[in-house]
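Before any comments, here is the structure.
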Amino acid sequence: MTDRIILRRLAFTGPGKKTVWVGLGDGLNVVWGASNTGKSFLVKSLDFMTGAGPERLPPITERQGFDRAWLDVDLPGLGQVQVARALVGGELELRQSWGAPDNPGPVERIVGGKHGGPDTW
Numbered sequence: 077m078t079d080r081i082i083l084r085r086l087a088f089t090g091p092g093k094k095t096v097w098v099g100l101g102d103g104l105n106v107v108w109g110a111s112n113t114g115k116s117f118l119v120k121s122l123d124f125m126t127g128a129g130p131e132r133l134p135p136i137t138e139r140q141g142f143d144r145a146w147l148d149v150d151l152p153g154l155g156q157v158q159v160a161r162a163l164v165g166g167e168l169e170l171r172q173s174w175g176a177p178d179n180p181g182p183v184e185r186i187v188g189g190k191h192g193g194p195d196t197w
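Each residue of the sequence shown is one higher than the one before, counting from 77 in the numbering used here.
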């Protein structure tokens, strides 16, 4: 169990699409690269997965065909949880495990999909 929030992995899935993911490690993660390589999209995706609206996700070409995002997190008091959300927005599904997006564990709880809204995670 951790005493801090640790983001572990962000993934995107869609019908007929290969799952794409970015792994994150303990401590400081530095993302760098040339212009138009996805750095801002990564930050906006993390914002979206923690309660921002779907307008935060730019409609980039690389996103076409993907319909869902998944975030694996270590949370104080809860341990390893996985949050899933449709890319069109809405509520978040919270799972008490880090299952593979193509074979996720059962949904433990539905949480609000807005920053600071009721029943958010």
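Note that CB positions come from ideal geometry on N, CA and C, so glycine has one too.
Computed from a predicted model, the values in this text were never measured in an experiment.
Check: Terminal residues of the alpha helix (DSSP H) in which Leu118 lies; Outcome: 115-125
Check: Sub-7 Å separation of Leu83 and Val98 beta-carbons; Outcome: no
Check: Complete beta strand (DSSP E) runs within the region 96-171 (minimum length 3 residues, chain order); Outcome: 96-99, 144-151, 155-162, 168-171
Check: Distance, Gly189 Cα to Leu168 Cα; Outcome: 6 Å
Check: Between the CA atoms of Gly155 and Val149 - distance to the nearest angstrom; Outcome: 8 Å
Check: Assumed close pair Val106, Lys115 - CB separation to whole angstroms, cut-off 8 Å; Outcome: Contact flag wrong, Cβ pair sits at about 10 Å.
Check: Cβ-based burial, Ala145 [other Cβ within 10 Å; buried from 16]; Outcome: buried
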